[in-house]
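Asker: Please read through the structure below; I'll follow up with questions.
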Amino acid sequence: MNNRAKQAIELLDKCKDAINGIDHVAGKALLSEFDSKFGGKELVSDIIYYRLSLGSELCFRLGEYKEGIAEIDKYISAIRANIKQTIKILVYKSKMEMMLNRRGISISSLSETLGLAELIGDMTILGNIYMEISRMFSARYSGLALYFIRKAETCYEKEGNEKLASLAKVDRALISYTAYLLNRHIDDYKNLKNEAERIVCEMDDTDYDSFEKRHARFVKAYVLRDTTDLKQQISEAERNGALPSICIVEEAYIAACIENGDNNAALVEFDKYARSAERQHGSEIRNYLLELKKSLESNSRIAYIPWHIDKGPKEPTNLFDILDHLSLGEELWRYKQGSFLGLFHGIEHEGKFETMVMPDGKTSLVPCNLAFNDYYRGQSSYYEDCYPSLYRKGMTPAMQFVERVKYEEFKLLISEYPITKIFSGGLYVNYPDGSSDSVSLNIDSLALAQHYGIKTELIDVTVDKFVAAFFSSTTCKDDIYTPITTPQQEPGVFYHYAEIPLSGISSKLRAVGLQPFSRPGEQAGFVVEMLPKENFNKIVRQVIPFQHDPEIAEFIFNYTNRSVKLFPKSILKEKADDIKSSDKFSRAAFDAACGEFYSDVDRSICLQYIKECKISIVDSPIVSFTEDEKQECLKQWENKGFQDTQRKIICRFSYNGPTEFKNVPKDE
251 MNNRAKQAIE LLDKCKDAIN GIDHVAGKAL LSEFDSKFGG KELVSDIIYY RLSLGSELCF
311 RLGEYKEGIA EIDKYISAIR ANIKQTIKIL VYKSKMEMML NRRGISISSL SETLGLAELI
371 GDMTILGNIY MEISRMFSAR YSGLALYFIR KAETCYEKEG NEKLASLAKV DRALISYTAY
431 LLNRHIDDYK NLKNEAERIV CEMDDTDYDS FEKRHARFVK AYVLRDTTDL KQQISEAERN
491 GALPSICIVE EAYIAACIEN GDNNAALVEF DKYARSAERQ HGSEIRNYLL ELKKSLESNS
551 RIAYIPWHID KGPKEPTNLF DILDHLSLGE ELWRYKQGSF LGLFHGIEHE GKFETMVMPD
611 GKTSLVPCNL AFNDYYRGQS SYYEDCYPSL YRKGMTPAMQ FVERVKYEEF KLLISEYPIT
671 KIFSGGLYVN YPDGSSDSVS LNIDSLALAQ HYGIKTELID VTVDKFVAAF FSSTTCKDDI
731 YTPITTPQQE PGVFYHYAEI PLSGISSKLR AVGLQPFSRP GEQAGFVVEM LPKENFNKIV
791 RQVIPFQHDP EIAEFIFNYT NRSVKLFPKS ILKEKADDIK SSDKFSRAAF DAACGEFYSD
851 VDRSICLQYI KECKISIVDS PIVSFTEDEK QECLKQWENK GFQDTQRKII CRFSYNGPTE
911 FKNVPKDE
């Protein structure tokens, strides 16, 4: 490192210390000094990033959002090669865009950032992005805000970062309390207020830096309606000269006075708050301030809601509205469970699977459901007749028979896959008393065939609302999914399906869950078995139409790592495609189709179906796994696959302690 670079870093270090110490005046002066000495000179990208991150932080704190965004747009190209640095700077941009649009949401920059973060899979960075997404949603979608802040907590906990997990909880307290203010007339929401109070009373800010301590202190005073501390914080914010902080704390003070029933105390500080608010937000806030002052002067009981929180009627339903409603229901459900909380799943179980004995006596690895007995399906368009692919218009009896033969060919293929044999042969369960047993896991060949494009009588549903949102906001061509980013006249549709089974899963609805091939597991898949001419629209709990929105579609697409999460690379896809497009099938597949689905039909009719569809019957399976592919598969299972599978499985506690899955010993 040359002397000029050292001098640049030393100056930026001083600036960082000033900003961390909340000395914004000194921080700004040091940045100006840096720009006068080193601006316009060629610097390495790491120093540019350092300067850009400090400048962005300062602009955000001082409310200089337009200036900060302009600076990012000017210099970000110099750091684009470093994805992690790019993500961090784009987070600043999205935060400032959000502040400029306090009464709405600005997701374009955050959506791009989310896509990059999902791509690299760093848990800490993902947690940071989820934190910002949560803050963005908090003004309009409190359910989604709570969902993403819990996602952030989970990411930090996976990384063992207790400090960041604690800071995420502080934000959750703030969001929970705000959600309560919006819905205080509904008893269930008091649980959110109680949770917020619990978090702030238990938090430990020992490891926080000065800025983090100030934020945590503010949240605690706001949630506990501590007007004495809030008034002191106003004085401190005025000394620091950060207008956004002054406005936020003054508004919180007014809110706390109102919540405490002390309108007179609120009036004493109101004019000062109004001046700060108009400086920060302009004339947009004026009518709100006039109405609030009138209510305070009348000394009437006010149900206070912060200015930036959306209180009015929403636009026609979009996907965020639906996802917000579902997320809020999941959050409230956590508090209804009471002493039974351990029996149900929370967001920390999202993407996990649990063993369940099915009606046929076989054990399946069932996706964890965040809401009891709720299943979802998404479609980009609504159809009056929603039939499974096998029964759709244009499918002749001969074509249906050929799909059955394709299924049997597919079934023969996967039966030779080594991991299929491991699943069906059984994984060992070790019990605390030292005993063990082999659990045979169900291989749902028909549901697997459905997931890989063979026509069946099944309709896919999922327990993951974002999976349903993905399919309702994308189009598919040549097996490639793309977000719907052009205006659409026709609405999309989001299905809410539910059954009340007497024991576990009913015979009509069944879990696909975790299988030897990962696609159904990543999609948290279940299937509903349909009868001919049975319309799915008639058996669901809700059919919810929504207006397509290009930005929302892009956001959801990025959240699924641009579809990679839901469609992981699989050796099976190419072979399944060969089966789907083939005009030749094995005699074994033909015989199996006749026996399983057409046992009461004369064989000559089945042969006529084959002839009608110009299909040839051959002696050997048309697709198979090579020995090299099988060996590679076993190698991957031993090196990584089994551990990945084990991490996804939840083992509940039984009367004699926890259970643990193990590989079957090789000599058995």
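The numbering of the sequence shown is the numbering used here, which starts it at 251 and goes up by one.
Ideal Cβ placement from N, Cα and C applies to all residues, glycine included.
Only a predicted model underlies this, so the values are computations on that prediction, with no experimental measurement involved.
Would you tell me roughly how many angstroms separate the C-alpha atoms of Ile269 and Leu261, rounded to the nearest one?
Answerer: Within the sequence shown, numbered from 1, the residue matching residue 269 stands at position 19. Within the sequence shown, numbered from 1, the residue matching residue 261 stands at position 11. Approximately 13 Å, taken between the alpha carbons.
Asker: Would you list the one or two residues that DSSP bridges to Tyr380?
Answerer: By 1-based counting over the sequence shown, the position of residue 380 is 130. None, per the DSSP bridge assignment.
Asker: Can you give the Cα-Cα distance for Asp263 and Gly491, rounded to whole angstroms?
Answerer: Position 13 of the sequence shown, counting from 1, holds the residue named residue 263. Position 241 of the sequence shown, counting from 1, holds the residue named residue 491. Rounded to the nearest angstrom, the two C-alpha atoms are 22 Å apart.
Asker: Mind checking who Phe744 pairs with in its DSSP beta bridge?
Answerer: Start at 1 with the first residue of the sequence shown, and residue 744 comes out as number 494. Beta-bridge pairing links Phe744 to Gly628, Ile794.
Asker: Give the range of the alpha helix (DSSP H) segment to which Gly675 is assigned.
Answerer: Residue mapping note: residue 675 aligns to position 425 of the sequence shown, counting from 1. 668 to 675 is the extent of the alpha helix (DSSP H) around Gly675.
Asker: Is Lys898 closer than 9 Å to Lys602 when the C-beta atoms are compared?
Answerer: Position 352 of the sequence shown holds residue 602. Position 648 of the sequence shown holds residue 898. Yes, the pair counts as a contact, with Cβ atoms nearer than the cut-off.
Asker: Since Ser836 sits in a beta bridge, which residues does DSSP pair it with?
Answerer: Residue numbering aside, residue 836 sits at position 586 when the sequence shown is read from its first letter. Note: Ser836 sits in a beta bridge opposite Val868.
Asker: Which of helix, strand or coil does DSSP assign to Gly719?
Answerer: By one-based count along the sequence shown, residue 719 stands at place 469. Looking at the sequence shown, residue 719 is not Gly but Ala. Helix at Ala719.
Asker: What's the gap between the Cα of Leu578 and the Cα of Arg390?
Answerer: For this step, residue 578 is matched to residue 328 along the sequence shown. For this step, residue 390 is matched to residue 140 along the sequence shown. So the two alpha carbons sit approximately 12 Å from each other.
Asker: Give the C-beta separation of Ile375 and Ile337 to the nearest angstrom, bearing in mind that I take them to be a contact with Cβ-Cβ under 8 Å.
Answerer: In the sequence shown, the residue the question calls residue 375 occupies position 125. In the sequence shown, the residue the question calls residue 337 occupies position 87. Right, the Cβ-Cβ distance comes to about 6 Å (below 8 Å), so this counts as a contact.
Asker: Helix, strand or coil for Val450, going by three-state DSSP, please let me know.
Answerer: Reading the sequence shown from its first residue, position 200 is the one you call residue 450. Correct three-state label for Val450: helix.
Asker: Figure out for me which residue from Trp583, Glu600, Val473 has the closest Cα to the Cα of Tyr427.
Answerer: As a position in the sequence shown, residue 427 is number 177, starting the count at 1. Nearest C-alpha to Tyr427: Val473.
Asker: Could you check where the beta strand (DSSP E) with Thr724 kicks off and where it finishes?
Answerer: Position 474 of the sequence shown, counted from the start, is the residue given in the question as residue 724. 724 to 727 is the span of the beta strand (DSSP E), which, as asked, contains Thr724.
Asker: Is the number of C-beta pairs between the stretch 385 to 399 and the stretch 362 to 373 that are closer than 8 Å three or more?
Answerer: As far as the Cβ criterion goes, the stretch 385 to 399 does not touch the stretch 362 to 373, which means the pair count is below three.
Asker: Considering Ala328, what are the terminal residues of the beta strand (DSSP E) in which it resides?
Answerer: Here residue 328 is taken as the residue at index 78 of the sequence shown, counted from 1. Element bounds for Ala328: n/a, residue is neither H nor E.
Asker: How is Val499 classed by DSSP in three states: helix, strand or coil?
Answerer: Counting from 1 along the sequence shown, the entry for residue 499 is found at position 249. Looking at Val499 - three-state DSSP - the assignment turns out to be helix.
Asker: Rounded to whole angstroms, what's the CA-CA distance from Lys543 to Ala516? Just pull it up for me.
Answerer: Working through the sequence shown from its first residue, we reach residue 543 at position 293. Working through the sequence shown from its first residue, we reach residue 516 at position 266. Roughly 9 Å between the two C-alpha positions.
Asker: Between which residues of its own chain and Ala402 is the CB-CB distance below 7 Å, once the five residues before and five after are set aside?
Answerer: As a working mapping, residue 402 is identified with position 152 in the sequence shown. Counting only Cβ-Cβ distances below 7 Å, and skipping sequence neighbours, we find Gly377, Tyr380, Met381, Ser384, Ala418.
Asker: At the level of alpha carbons, what is the spacing between Ala471 and Asp454?
Answerer: By one-based count along the sequence shown, residue 471 stands at place 221. By one-based count along the sequence shown, residue 454 stands at place 204. Distance between the alpha carbons of Ala471 and Asp454 is about 15 Å.
Asker: Among residues of its own chain, excluding the 5 on either side of Ile399, which ones have a beta-carbon nearer than 8 Å to its beta-carbon?
Answerer: Here residue 399 corresponds to residue number 149 of the sequence shown, with the count starting at 1. Tyr380, Met381, Ser384, Ala418, Asp421, Arg422, Ile425, listed in sequence order.
Asker: CB-CB under 8 Å to Gly628, same chain, minus the five flanking residues each way: which ones, in chain order?
Answerer: The count along the sequence shown starts at 1 and reaches residue 628 at position 378. Only Val717, Ala718, Ala719, Phe720, Phe721, Ser722, Ser723, Gly742, Val743, Phe744, Tyr745 meet the Cβ criterion.
Asker: Should the stretch 490 to 508 be regarded as contacting the stretch 297 to 312, the criterion being three or more beta carbon pairs within less than 8 Å?
Answerer: Counting Cβ pairs under 8 Å, three or more are found: they touch.
Asker: Does the beta-carbon of Lys256 have 16 or more other beta-carbons within 10 angstroms, so that it is buried, or is it exposed?
Answerer: Your numbering for residue 256 matches position 6 in the sequence shown. Lys256 is exposed by the Cβ-count criterion.
Asker: Report the rounded CA-to-CA distance for Pro782 versus Leu708, giving the unit in angstroms.
Answerer: Stepping through the sequence shown from its first residue, residue 782 is reached at position 532. Stepping through the sequence shown from its first residue, residue 708 is reached at position 458. If you take the alpha carbons of Pro782 and Leu708, they lie about 11 Å apart.
Asker: Is the stretch 697 to 707 in contact with the stretch 645 to 660, if contact means three or more CB pairs nearer than 8 Å?
Answerer: At 8 Å Cβ cutoff, the stretches touch.
Asker: Using a Cβ-Cβ cutoff of less than 6 Å, which residues in the same chain neighbour Lys413 once the five nearest sequence positions on both sides are dropped?
Answerer: Residue 413 sits at position 163 when you count from the first residue of the sequence shown. Excluding residues within five positions, the ones whose Cβ falls inside 6 Å are Asp457.
Asker: Give me the Cα-Cα distance between Ser358 and Leu396, rounded to the nearest whole angstrom.
Answerer: Working through the sequence shown from its first residue, we reach residue 358 at position 108. Working through the sequence shown from its first residue, we reach residue 396 at position 146. Cα to Cα, the separation comes out at about 21 Å.
Asker: Which class does Val713 belong to by DSSP, given the choice of helix, strand or coil?
Answerer: Position 463 of the sequence shown holds residue 713. In this structure, Val713 counts as coil in the three-state DSSP scheme.
Asker: What did DSSP end up calling Thr810 once you bin it into helix, strand or coil?
Answerer: Reading the sequence shown from its first residue, position 560 is the one you call residue 810. If DSSP states are grouped into helix, strand and coil, Thr810 belongs with coil.
Asker: How would you write the range of the beta strand (DSSP E) that Glu604 sits in, first residue to last?
Answerer: Locating residue 604 in the sequence shown gives position 354, where the first residue counts as 1. That run of the beta strand (DSSP E) goes 603 to 607.
Asker: Provide the residue(s) that pair with Ile730 in DSSP beta bridges, ordered along the chain.
Answerer: Sequence index remark: in the sequence shown, residue 730 carries index 480 (1-based). Bridge partners of Ile730: Lys727.
Asker: In or out: Tyr633 buried (at least 16 other Cβ within 10 Å) or exposed?
Answerer: Indexing the sequence shown from 1 puts residue 633 at position 383. Tyr633 comes out exposed.
Asker: Who are the near neighbours of Ser904 in its chain, counting only those whose CB is closer than 7 Å to its CB and skipping five residues on each side?
Answerer: On the sequence shown, position 654 is the one that residue 904 refers to. Confidence at Ser904 is low in this model, with a pLDDT of 43, below 50, so the placement of that residue should be treated as unreliable; the coordinate-derived value is given next. So no residue of the chain qualifies.
Asker: Measuring straight from C-alpha to C-alpha, what distance separates Ile504 and Phe622?
Answerer: In the sequence shown, residue 504 corresponds to position 254, counting from 1. In the sequence shown, residue 622 corresponds to position 372, counting from 1. If I take the Cα positions, the gap works out to 40 Å.
Asker: Just the Cα atoms here: how many angstroms apart are Pro818 and Gln797?
Answerer: Sequence index remark: in the sequence shown, residue 818 carries index 568 (1-based). Sequence index remark: in the sequence shown, residue 797 carries index 547 (1-based). Whole-angstrom Cα-Cα distance: 29 Å.
Asker: If you draw a straight line from the alpha carbon of Ile821 to that of Thr876, how long is it in whole angstroms?
Answerer: For the purposes of this step, residue 821 is identified with residue 571 of the sequence shown, where counting begins at 1. For the purposes of this step, residue 876 is identified with residue 626 of the sequence shown, where counting begins at 1. Going from the Cα of Ile821 to the Cα of Thr876 covers about 11 Å.
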